Each structure stands twice: as C-alpha cells, then as structure tokens.
Amino acid sequence: MKIVKRIFKFIVIIIGVLLISIAIVILVDKQSTNYLKVRNNKSADNNSFLITNVNVIPMNQDTILVDKMVYVKAGIIQNIADNIDIKGVEIIDAKNKYLTPGLIDMHVHIWDRHELGLYLSNGVTAVRNLWGMPMHLRLKEDINNDEIISPMFFTTGPKLTGPEFIGDDNLQLTNPTEAKEKVISYKKRGYDFIKTYYGLTEDIFDAVVEQAKIYNMDIIAHPSQKVPYSYHFNPQIKSIEHAEEIIQQPLNYTLDTLKLQEVINDFEKSKHSSFSPTLTVYNNIYQMLIDDNILESEQLKFMNPLIKKVDSKAQFERWHTTKLRDSSIVKTIKKQHDFHLKIIKKLHKAGVTFICGTDAGIGVTIPGFSIHQELAFYKEAGLSNYEVLKTATINASKTHSIMNKMGTIEVGKIANLILIDNNPLSDLSALQNPTTVFIKGRKLNRKTLDSYEKQAKNRNNLIASAVRYLENLIIEK
Ligand SMILES: [Zn+2]
673 MKIVKRIFKF IVIIIGVLLI SIAIVILVDK QSTNYLKVRN NKSADNNSFL
723 ITNVNVIPMN QDTILVDKMV YVKAGIIQNI ADNIDIKGVE IIDAKNKYLT
773 PGLIDMHVHI WDRHELGLYL SNGVTAVRNL WGMPMHLRLK EDINNDEIIS
823 PMFFTTGPKL TGPEFIGDDN LQLTNPTEAK EKVISYKKRG YDFIKTYYGL
873 TEDIFDAVVE QAKIYNMDII AHPSQKVPYS YHFNPQIKSI EHAEEIIQQP
923 LNYTLDTLKL QEVINDFEKS KHSSFSPTLT VYNNIYQMLI DDNILESEQL
973 KFMNPLIKKV DSKAQFERWH TTKLRDSSIV KTIKKQHDFH LKIIKKLHKA
1023 GVTFICGTDA GIGVTIPGFS IHQELAFYKE AGLSNYEVLK TATINASKTH
1073 SIMNKMGTIE VGKIANLILI DNNPLSDLSA LQNPTTVFIK GRKLNRKTLD
1123 SYEKQAKNRN NLIASAVRYL ENLIIEK
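Numbering (the working numbering), first residue to last: 673 to 1149.
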C-alpha cells in the first residue's frame, strides 16, 4: 500500500512540475512581446490628428486626390478636404507623400504575437487568419480590447474536414449533426468565420452551409475534392482559396486550358465569391528547389521557430528528395506557377474579385514581407496597379460585412492607413517600408516599425509555440 501511495505522490509531483514549467514558458513568451502593448507605445497614444499636404489614394475609385488634408478623430476618418480648419490637434505634414488604405492579407497563419509587428512593419493593417485555435481567440480579445498594437484580426475556427484522416491538425467531421454542432460552437466561442477544408463530403458540407447561414457566419473554402469544384460557388461561401487547387481538382493535375475555361465560366456566373490565389506559397516551392540555403536565409529568421523547425524544414527536405529522384520537378513547378498567372489573367478578364492572400506562416512564406511578393504576381499576371491594390484593400473589405469599415479612405472609415514616399499606382514597390503606419489612428513611425522587426528576428519561442499547438490539439478534438 505504501509503495502505491509513494508512486502516486511521485506522479502528482511530476505533473505539477510539468504544469508549472509550461505556465512559466507561456508567461515568459508573453512578456517577450510586451513591446507591442499599447501602454509601451506611448508615442502612438494620440489617435486624433490632421494630415496636411498629402496625396490621397482613396481606393473607392481610380484616382489620386492631390494635396489634401485628412482629419482623423479618435481613430476614425472625419473629413477629407482641401482645407480643414481644426485647432488643437497634432498636425502631420505629409508634403509630397502618398496616403493609401492599410493593406489586408486575407490568408495568413499566425503562430505568435511577434508576427503582428512584422505585418504592421510591411503596411498590413488587417489579417484574416485561416486556421483558428484557442490562442487566436485570446489574441483577438486582447486586440479588440485595445491592449496590444496589432493589425485588426479576424479568424476562422479550426479547419473542418471529412471523416477521412488527413493529418492531426484537422477536425474530422463524421456526420451532418456533428457538423452543425461545430458551427454553433465556433460561433459561440467567438470565431469569425468557418473554414471548410479538403475532404468534406457533400452531406456534411451541406450541413455546414445550412448552419453557417442560420448563424450568419461566412464560409471560407479551401476547396474539397469530395464535391465538384462548382459546388463552392454558394452564396454562403464568401471566398475560395488557392489557384493551385484549380489545377489539382477540376483540371486533375493537368494544365488543360479547355477544362480551365469551364471553371472560368463557373466563376463568371457566380458573383458572390471572392478568390484568393495565394501564389506566393506555391511559388515558394520553386524557391526552395532552386535555393539550397533558403533555410539559412535572412528572411527565414523572421519565421516562427517551431514552423521553421518542423514545417519549413519538412517541406524543404520533401522537395529536395523529389528533385534527387527526378530533376524535372523544378521545371514542372515553375510551369505550374506560370499557369497560375494565366489563370489569374483569365479570371480577371471574367470579372472575378480577387483578394490578396499569401498563406504566410506556412513553409517559407514569411509574415508581412510576403504581401509585396503576392501583389507583384498579380501585376505580372496583367492587372493594373490600381486593380492590384484593390485586392489588398477595398476588395477585401467588401468580401465580409465585418470588414467593411476598412479598405478605403473615406469619411467614417477606420483610420488604418499607410503613408509612403512614392505613388504606388506608378510603382507598387512604393508600398514596401512605409514611413508611417496608422492602425486605428495610432501612429507608428518607421523607427518603431523597424524595432518590431528587430524584436521578431531570431526569436526564441519554440517551446511556447509547441505548447500552444498542443493546447489546440487537446481542446479542439
Ligand atoms: Zn493556408
């Protein structure tokens, strides 16, 4: 009896020590992002000001409003005019500079709070997180309570998949009743959107759509291969993800332009779904194949260490093993990327609404920085600079009603803005390294933004990230 008691005591102590260690790790990690706390960003305190002499790119029409004044009060745009007579507010002289809406990345995966600073530093003032976990609900709460400086944050719940096992990170639904219960539970817990994923069967998918409609939750679809591609053109599905899925599913891994035309025709008929191509994450396969040292690159130092250690490394090794077996893979991947550009061009001609999404946080796709790459691809596909900029501003805000207070510079909109030295309608690279980013009217200058990058570089939070991931596996199953 005594032995049993002793063993029991020992186990209790071990569990206790483990729990305390986990709590310490999480606490230390949270402390390490204190630099984003609103109270530690005193210079950003003032969210009322008057910007003068500025060239405004409003993005609700293809124009530049030359030499204007913009009055922001308590984080909201109050007035845009040639002359605004207001006393007692901070004046920001923006002579020869351009003001655009902050950028919106509609497909990201956030792993820690340092990434929020990286998005801001790159002019991204809102993100749509497409793989929701309990940590994202806590993050959202802190952001909405205005405790931390961050892009505005929207998140789906965990990915909904069908009965077939396709990875422990997916929530496997086995029947329609379970599907409905999940939608109800995600709504109650505060997730913004439903994400449907690979492998959802029609009966389960129908149940998700039905319940999401009742609960007024938009669906974001990574297309399921268990239903026809055209199934996804449902009014409840507000956005369809990934150009590569068009090739993998309706085109059945070919680059068949006739089959593509059928897909384009389906898109053309349905005006309620936006399309998020995520070209960067696919092109990064090619980048991994041609750069043997990509894992040691400067850019990868901005990646979450857990993802770098697990996902970036696994993807790199997988593609390099493939290349050793068959070197033609390099050409095949490049060819498919080029075909994606062709798809974008055709979809654009057919009037499809694009929303800029990078899939940052996966593989070697870096948070924040990747958005400029993604925009450059749309340009390469044939969109005008104005059309490209729409994908990361007004198109995003029109996709979901909960996002429509952003995306343009108009009276009544939230002052999520970026101030830049050159005209992005002449050259999109002007959007990189903004001199000032305004988030809900809080002003972040270049020096502050650079310091966010510095803090995020080579961060050391692998264990804390792993704990949060494990928490997700335990709670969401
Ligand atoms: Zn993704």
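No residue lacks a Cβ here, since even glycine has one placed at the ideal position from N, Cα and C.
Quantities reported herein were computed from a predicted structural model and do not represent experimental measurements.
Let me make sure I understand the geometry here. Which of the options has the alpha-carbon closest to that of residue i?
i	options	result
PHE1013	ASP864, TRP991, GLU1046 and SER1123	Correcting the residue type first, residue 1013 is Leu in the shown sequence and not Phe. Closest option to LEU1013, Cα to Cα, is GLU1046.
LEU1103	LYS767, THR724, VAL796 and LYS1021	VAL796
LYS1021	THR993, ASN718 and TYR1050	TYR1050
GLN987	PRO977, LEU967, THR1004 and ASN976	LEU967
LEU1019	THR929, PRO1106 and LEU872	THR929
ARG1114	ARG711, ALA716 and LYS681	ALA716
SER945	ALA1068, LEU1061, TYR870 and THR849	ALA1068
SER902	GLU940, LEU811 and LEU691	GLU940
ILE698	ILE1147, GLU1148 and TYR1141	TYR1141
TYR1058	ASN1095, MET1075 and SER1042	ASN1095
ILE957	ASP739, ILE891 and GLU989	GLU989
MET778	TYR707, TYR770, ALA798 and MET741	ALA798
LYS925	THR1063, PHE1011, SER1098 and ASN965	The question names Lys, yet the displayed sequence has Tyr at residue 925. Here the closest residue by C-alpha is PHE1011.
GLY1040	SER1056, ALA1064 and GLY1054	ALA1064
MET731	VAL1083, PRO1106 and ASN1105	VAL1083
What's the call for residue i, buried or exposed, on a 16-neighbour Cβ count within 10 Å?
i	result
GLN883	buried
GLY839	exposed
LYS854	buried
LYS1003	exposed
GLN921	buried
THR993	exposed
ILE1038	buried
ILE686	exposed
ILE886	exposed
LYS1085	buried
LEU788	buried
LEU1145	exposed
VAL684	exposed
Tell whether a beta-carbon distance below 8 Å holds between residue i and residue j.
i	j	result
ILE752	MET1078	no
ALA1128	HIS781	no
ILE1111	ASN1088	yes
LYS910	HIS808	no
GLU917	LYS898	no
GLY774	VAL1036	no
THR1025	PHE947	yes
LYS995	LEU972	no
THR772	GLY804	no
GLY1033	THR950	no
GLU836	GLY862	no
LEU843	PRO823	no
ILE912	PRO895	yes
ASN755	MET741	yes
TYR1124	LEU691	no
ASP864	ILE1074	yes
ASN1133	ASP814	no
Out of curiosity, what's the CA-to-CA distance linking residue i and residue j?
i	j	result
ASN1130	GLY1023	42 Å
HIS914	ALA1138	27 Å
ILE1081	ASN727	11 Å
THR952	GLN1008	13 Å
LEU722	ASN713	20 Å
ILE1090	LEU792	10 Å
LYS943	ALA879	23 Å
TYR868	ILE679	Reading the sequence as shown, one finds Thr at residue 868 and not Tyr. Those two C-alpha atoms are separated by around 46 Å.
GLU1052	GLY688	56 Å
SER857	PHE825	20 Å
ALA768	THR735	A small correction: the amino acid at residue 768 is Asn; Ala does not occupy that position in the sequence shown. Roughly 16 Å between the two C-alpha positions.
LEU923	LYS931	6 Å
LYS677	ILE1135	32 Å
ASP1093	ASN1117	13 Å
LYS985	THR724	48 Å
ILE1043	PHE682	51 Å
LEU1061	ILE936	22 Å
PRO977	TRP783	10 Å
ALA746	SER999	57 Å
ASN1100	ALA1048	For the record, residue 1100 in the displayed sequence is Leu; it is not Asn. About 7 Å.
(request) Give every residue whose Cβ lies closer than 6 Å to any heavy atom of ligand 1, listed in chain order. (result) Answer in sequence order: HIS779, HIS781, LEU802, ASP1031 and ILE1034.
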